[in-house]
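Per the working numbering, the sequence shown starts with residue 933, numbered consecutively.
Comments concern the structure below.
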Amino acid sequence: MSEKLDTNSKDRAYMSGQLFAVLGRLQLLALGKVGASIAERTYGGVATRPATTLGPLFTKVPAYLKKANDRFPGSGTNKQKEIEALCQRIEAQSGLPQTLGLEDQGRFALGYYCQMAEYRARREEAELEKKAEELIDETA
């Protein structure tokens, strides 16, 4: 592993962590800061059983994409492209892992936190994050 995000990793646990971070970022862009984020509610389940716990999260993605694009034009489209690229890479390595052992959970965490650090390092993403955290979801 390198000291920054490995965008070419073929490790399914690492990529699952990246995907989870993208979904969390999408939720933030769509809803703003909410009481309990996807990461806060489901991290433990996704980090141990990605195949069964990511599926239900994907049911919210279309609505999040639309709402993110409404609030920050193009942001939902950008997250959709990130999701698609990660899903293609994961599928090329036999799909989402059913379960993750302790070492795999560590690689999941690396993927998740490296992706989050990458977002914070990108100026435009950092600005979006700040604006999104200031928003309150009117539909909640």
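We treat Cβ as the ideally placed atom computed from N, Cα and C, and that holds for glycine.
Separation of residue 960 from residue 1058, as counted between CA atoms: Taking the sequence shown and counting its residues from 1, one reaches residue 1058 at position 126. Taking the sequence shown and counting its residues from 1, one reaches residue 960 at position 28. If I take the Cα positions, the gap works out to 12 Å.
So, is residue 1026 buried or exposed, given that buried needs 16 or more other C-beta atoms within 10 angstroms? Position 94 of the sequence shown, counting from 1, holds the residue named residue 1026. Classification for residue 1026: exposed.
So, helix, strand or coil for residue 969, using DSSP? Position 37 of the sequence shown, counted from the first residue, corresponds to residue 969. Here residue 969 sits in coil by DSSP.
Rounded to whole angstroms, what is the Cα-Cα separation between residue 1003 and residue 962? Here residue 1003 refers to the residue found at position 71 of the sequence shown. Here residue 962 refers to the residue found at position 30 of the sequence shown. Taking the straight line joining both Cα atoms gives about 7 Å.
In terms of residues, what are the limits of the alpha helix (DSSP H) holding residue 959? For this step, residue 959 is matched to residue 27 along the sequence shown. 944-963 is the span of the alpha helix (DSSP H), which, as asked, contains residue 959.
Does DSSP classify residue 1043 as helix, strand or coil? As a first step, residue 1043 is located in the sequence shown; it is residue number 111 there, counting from the start. If DSSP states are grouped into helix, strand and coil, residue 1043 belongs with the helices.
Residues near residue 1052 in its chain [Cβ-Cβ closer than 6 Å; skip 5 each side]: Along the sequence shown, one-based indexing puts residue 1052 at 120. Cβ neighbours of residue 1052 beyond the five flanking positions: 1058.
Near residue 967, which residues of its chain fall below 7 Å by C-beta distance, leaving aside the five closest residues on each side in sequence? Here the question's residue 967 lines up with position 35 in the sequence shown. Once the five neighbours on either side are set aside, residue 967 has no close Cβ partner at all.
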